[in-house]
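Engineer: Numbering-wise (my numbering), the sequence shown opens with residue 4 and increments by one. Virtual Cβ for every residue (Gly too), placed ideally from N, Cα, C. Since the model is a prediction, treat every value here as computed from it, not as a measurement. Please read through the structure below; I'll follow up with questions.
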Amino acid sequence: MVSVATSDRIGEVLIRDGLINREQLERAAGESRASGSCLGYGLVRLGFVSENDLALVLAREHGVPAIDLDRAKLDPKLLRLIPAEVALRHFVLPLRRVGRALTVAMGDPGDTGVIDDLKFTTRFDIEPVIAGELTLRRVVEREYDDADEKMRELLDQFDRDGDIERLEVDKEELNVGSLRAQVNEAPVVKLIDGILNDAVARGASDIHFECYEKDVRVRYRIDGVLHEILRPPVKLKAALISRFKILADLDIAERRLPQDGRIKLRIGRRVIDFRVATLPTLFGEKIVLRILDKGNLALDLESVGMESQARSDFMQAISNPYGMVLVTGPTGSGKTTTLYSVLSKVNTGDVNIMTAEDPVEYNLPGINQVQVRPNIGMTFSAALRAFLRQDPNIIMVGEIRDLDTGSIAIKAALTGHLVLSTLHTNDAPSTFTRMIDMGIEPFNVASAVSLIVAQRLVRRICPDCRARAVYSAEDLAAAHIAENDLAAGVTFYRGRGCEACSGTGYQGRQGLYEVMPMSSALRRMLLQGTAAADLREQAVAEGMLTLRMDGMLKAKRGVTTLEEVWKETR
Numbered sequence: 004m005v006s007v008a009t010s011d012r013i014g015e016v017l018i019r020d021g022l023i024n025r026e027q028l029e030r031a032a033g034e035s036r037a038s039g040s041c042l043g044y045g046l047v048r049l050g051f052v053s054e055n056d057l058a059l060v061l062a063r064e065h066g067v068p069a070i071d072l073d074r075a076k077l078d079p080k081l082l083r084l085i086p087a088e089v090a091l092r093h094f095v096l097p098l099r100r101v102g103r104a105l106t107v108a109m110g111d112p113g114d115t116g117v118i119d120d121l122k123f124t125t126r127f128d129i130e131p132v133i134a135g136e137l138t139l140r141r142v143v144e145r146e147y148d149d150a151d152e153k154m155r156e157l158l159d160q161f162d163r164d165g166d167i168e169r170l171e172v173d174k175e176e177l178n179v180g181s182l183r184a185q186v187n188e189a190p191v192v193k194l195i196d197g198i199l200n201d202a203v204a205r206g207a208s209d210i211h212f213e214c215y216e217k218d219v220r221v222r223y224r225i226d227g228v229l230h231e232i233l234r235p236p237v238k239l240k241a242a243l244i245s246r247f248k249i250l251a252d253l254d255i256a257e258r259r260l261p262q263d264g265r266i267k268l269r270i271g272r273r274v275i276d277f278r279v280a281t282l283p284t285l286f287g288e289k290i291v292l293r294i295l296d297k298g299n300l301a302l303d304l305e306s307v308g309m310e311s312q313a314r315s316d317f318m319q320a321i322s323n324p325y326g327m328v329l330v331t332g333p334t335g336s337g338k339t340t341t342l343y344s345v346l347s348k349v350n351t352g353d354v355n356i357m358t359a360e361d362p363v364e365y366n367l368p369g370i371n372q373v374q375v376r377p378n379i380g381m382t383f384s385a386a387l388r389a390f391l392r393q394d395p396n397i398i399m400v401g402e403i404r405d406l407d408t409g410s411i412a413i414k415a416a417l418t419g420h421l422v423l424s425t426l427h428t429n430d431a432p433s434t435f436t437r438m439i440d441m442g443i444e445p446f447n448v449a450s451a452v453s454l455i456v457a458q459r460l461v462r463r464i465c466p467d468c469r470a471r472a473v474y475s476a477e478d479l480a481a482a483h484i485a486e487n488d489l490a491a492g493v494t495f496y497r498g499r500g501c502e503a504c505s506g507t508g509y510q511g512r513q514g515l516y517e518v519m520p521m522s523s524a525l526r527r528m529l530l531q532g533t534a535a536a537d538l539r540e541q542a543v544a545e546g547m548l549t550l551r552m553d554g555m556l557k558a559k560r561g562v563t564t565l566e567e568v569w570k571e572t573r
């Protein structure tokens, strides 16, 4: 919508140029207010000014080019960069993309709200051009109809490539009245299958299905970032939610409480697990599916991206027959993947490996995995006590959350078991502070812990559009990085954005690692109550790379960008 100030200014310019009179302006303004349309559209629709004359005036006033859409060649791939719902709401049309710049036809390039919305939606820099309002609306409505172009493309793609078979389907009849018939109708089944197939094909880690008052949104998390994919018709909301719940063996009649379930599907030749969680919200249930694709699970410790000394220290610690190895970091930093990689490495057939997990994400052959269920008393600490009576060699505890679990894990590490676990701390040295704050004695921590790994995930630069990047001294100062960190002759890179990376400049993710082996000096300092900052200084003096140092090395090699390193290692 054009602002009142902008409309008034354009109206006065049209009067000044003799294209309309005051009466025509007031009549068009009144109609535009009543209909919610912009002034220019009303003037053209009422026949007071030609579309071409209005476009030329707008182009002159805003200093941007005008374009004749009837002669423009539209690229279907570009049209997908702007969701149909956004294009129809603002009446905008993508015409051309060069690097990070997207040229968009608009009725009013002075509407900064629309431009900001497009920037947020597309993640491109928007370069507006003027198009005649009536023609623009006609072309947008022709190219983007209410069925949503992205949805049709998704379903067409599934028709060509999709091959989904649900495994272990529950045949029990569900008494849900008319909803049952709608859930099993072809459009709903086809759409859900298409979403699942498409998310796996794109390498998404999560699918978010969100309900709002007037629409429904589907987003994928790819490389740690959420991307809107499509907006299904709101009339299908109840049926789509129920279809997800039926696949996950959940109660479709229960809409007031959160529920958790799993879906197991064969997609093509791959068997994929989806962990499903529902949450009642104001306008319907939000459903999040975590995609557990074992084919994407990197279980090779040699290729995770640790520097040579860090990898050597890590391999030494997990080769010991006893002791505790802790992996720390925030949620979503890849801790579970690292632990599974360790388990895969030490699973040699002559050891008894037991894990307590919440939830069990991947089934690992040859390993005894236990699902923690606190609601029935099967907590981490209860599982650990049971493990110690099962003659284990290696124990993995999903997370040390309390003193009871921590004390039993420490005891196991001190009595001849290799114990693997995770904690939520910002870096390796602060892990000691966290454990002592739980109530674990410092001498037990110092004796039991062999090594701590802190980690983060950063996005990798897309190899198809990688280009040299230049950073100013101001950029470095704002990020608290000294200019001398940029060694002479070092080249840094960014992704320009291309079709392969959906315009993001990134493709895939890379781990940053802070590997801190316990030395005699660190044990002495810990027993003396030394602060985490001093422990970090000592560890660095012994050769440890901090997360920031490891990130800078990977940025200098062109693996990731400085922005990613700055963001994840503040």
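(1) Straight-line CA distance for A108 to P97?
(2) Quick one: measure Cβ to Cβ for Q374 and E360, integer angstroms, because I've assumed they're closer than 8 Å.
(3) By alpha-carbon positions, which one of R499, S453, G135 and G442 ends up nearest to F317?
(4) Would P324 be called buried (16 or more neighbouring beta carbons within 10 Å of its own) or exposed?
(5) State the DSSP-derived secondary structure class of H427, mapped to helix, strand or coil.
(6) Going by the DSSP bridge assignment, what does K289 pair with across the sheet?
(7) From M313 to L233, what distance separates their C-alpha atoms?
(8) Could you pull the DSSP bridge partners for K267 from this structure?
(9) Kindly indicate which residue of R258, A251, V143 and L260 has the alpha-carbon position closest to the one of I266.
(10) Just reading off the alpha helix (DSSP H) that M318 is part of, what are its end residues?
(11) Indicate whether the contact test is met: 3 or more Cβ pairs, each with one atom in the stretch 395-402 and one in the stretch 432-444, closer than 8 Å.
(12) Give, in chain order, every unbroken run of the alpha helix (DSSP H) that is at least 4 residues long and sits entirely within the stretch 79-130.
(13) Applying the 10 Å Cβ sphere with the 16-neighbour rule, what's the burial state of E216?
(14) For A412, which residues in the same chain have their Cβ closer than 7 Å to its Cβ, ignoring the five residues on either side in sequence?
(15) Helix, strand or coil for H211? Go by DSSP, reduced to three states.
(16) Helix, strand or coil: how does DSSP classify G554 here?
(17) Do Y509 and E567 have their C-beta atoms closer together than 9 Å?
(18) Excluding the five sequence neighbours on either side, which residues of its own chain have a C-beta within less than 7 Å of the C-beta of M381, listed in chain order?
(19) My parser needs the alpha helix (DSSP H) runs of 4 or more residues fully inside the stretch 503-554; what are they?
(20) Using DSSP bridges, identify the partner residues of Y223.
(21) For V400, which of helix, strand or coil comes out of DSSP?
(22) Provide the residue(s) that pair with I443 in DSSP beta bridges, ordered along the chain.
(23) Distance, Cα to Cα, T564 vs D407?
(24) DSSP beta-bridge partners for V132?
(25) Please classify A536 as buried or exposed, where buried requires at least 16 other C-beta atoms within 10 Å of its C-beta.
(26) Beta-carbon separation of L82 and Y147 under 9 Å?
(27) Is it buried or exposed for E54, if we count other Cβ within 10 angstroms and need 16 for buried?
(28) Pick out whichever of F94, K76, V16 and F51 has its Cα sitting closest to the Cα of V60.
Structural biologist: To lay it out plainly:
(1) Walking along the sequence shown from the start, residue 108 turns up at place 105. Walking along the sequence shown from the start, residue 97 turns up at place 94. C-alpha separation (whole angstroms): 6 Å.
(2) Here residue 374 refers to the residue found at position 371 when the sequence shown is read from its first residue. Here residue 360 refers to the residue found at position 357 when the sequence shown is read from its first residue. The beta carbons of Q374 and E360 sit about 7 Å from each other, so the pair counts as a contact at 8 Å.
(3) Indexing the sequence shown from 1 puts residue 317 at position 314. Of the candidates R499, S453, G135 and G442, the one whose C-alpha sits nearest the C-alpha of F317 is S453.
(4) To locate residue 324, count along the sequence shown from 1; it is residue 321. The residue in question, P324, is exposed, as its Cβ has fewer than 16 Cβ neighbours within 10 Å.
(5) As a position in the sequence shown, residue 427 is number 424, starting the count at 1. Correct three-state label for H427: coil.
(6) The residue given as residue 289 occupies position 286 in the sequence shown. K289 is bridged to L282.
(7) In the sequence shown, residue 313 corresponds to position 310, counting from 1. In the sequence shown, residue 233 corresponds to position 230, counting from 1. It is worth fixing the name first, because residue 313 is Ala in this sequence and not Met. For A313 and L233, the distance between alpha carbons rounds to 43 Å.
(8) One-based indexing of the sequence shown puts residue 267 at position 264. In the DSSP output, where bridge partners are listed per residue, K267 has D276.
(9) For the purposes of this step, residue 266 is identified with residue 263 of the sequence shown, where counting begins at 1. That would be A251, whose Cα lies nearest to the Cα of I266.
(10) Numbered from 1 along the sequence shown, position 315 holds the residue referred to as residue 318. From DSSP, the alpha helix (DSSP H) with M318 extends over S311 to S322.
(11) no
(12) DSSP runs (the alpha helix (DSSP H)) wholly in the stretch 79-130: 79-82, 87-93 and 115-125.
(13) Taking the sequence shown and counting its residues from 1, one reaches residue 216 at position 213. With a threshold of 16 other beta carbon atoms within 10 Å, E216 falls short and is exposed.
(14) Counting from one through the sequence shown, the residue named residue 412 turns up at place 409. The beta carbon of A412 sits closer than 7 Å to the beta carbons of M327, L387, V400, I403, V422 and S424 from its chain, once the five residues preceding and following it are set aside; these are given in chain order.
(15) Locating residue 211 in the sequence shown gives position 208, where the first residue counts as 1. H211: strand per DSSP, three-state reduction.
(16) Counted from its first residue, the sequence shown places residue 554 at position 551. It is helical.
(17) Taking the sequence shown and counting its residues from 1, the one referred to as residue 509 is at position 506. Taking the sequence shown and counting its residues from 1, the one referred to as residue 567 is at position 564. Against a cut-off of 9 Å, the Cβ pair of E567 and Y509 comes out as a contact.
(18) For the purposes of this step, residue 381 is taken as residue 378 along the sequence shown, with counting starting at 1. Hits under 7 Å: V375.
(19) 523-530 and 535-544
(20) Against the sequence shown, residue 223 aligns to sequence position 220. In the DSSP output, where bridge partners are listed per residue, Y223 has I210 and H230.
(21) Translated into positions along the sequence shown, residue 400 becomes position 397. Secondary structure of V400 (DSSP, three-state): strand.
(22) Working through the sequence shown from its first residue, we reach residue 443 at position 440. Partner(s): none; I443 has no beta bridge.
(23) Here residue 564 is taken as the residue at index 561 of the sequence shown, counted from 1. Here residue 407 is taken as the residue at index 404 of the sequence shown, counted from 1. Inter-residue distance for T564 and D407 is about 42 Å (C-alpha atoms, whole angstroms).
(24) Indexing the sequence shown from 1 puts residue 132 at position 129. Answer is A108, bridged to V132.
(25) Within the sequence shown, residue 536 is the residue found at index 533, counting from 1. Result: exposed.
(26) Here residue 82 corresponds to residue number 79 of the sequence shown, with the count starting at 1. Here residue 147 corresponds to residue number 144 of the sequence shown, with the count starting at 1. Yes. Within cutoff.
(27) Your numbering for residue 54 matches position 51 in the sequence shown. Buried is the call here.
(28) Walking along the sequence shown from the start, residue 60 turns up at place 57. Here the closest residue by C-alpha is V16.
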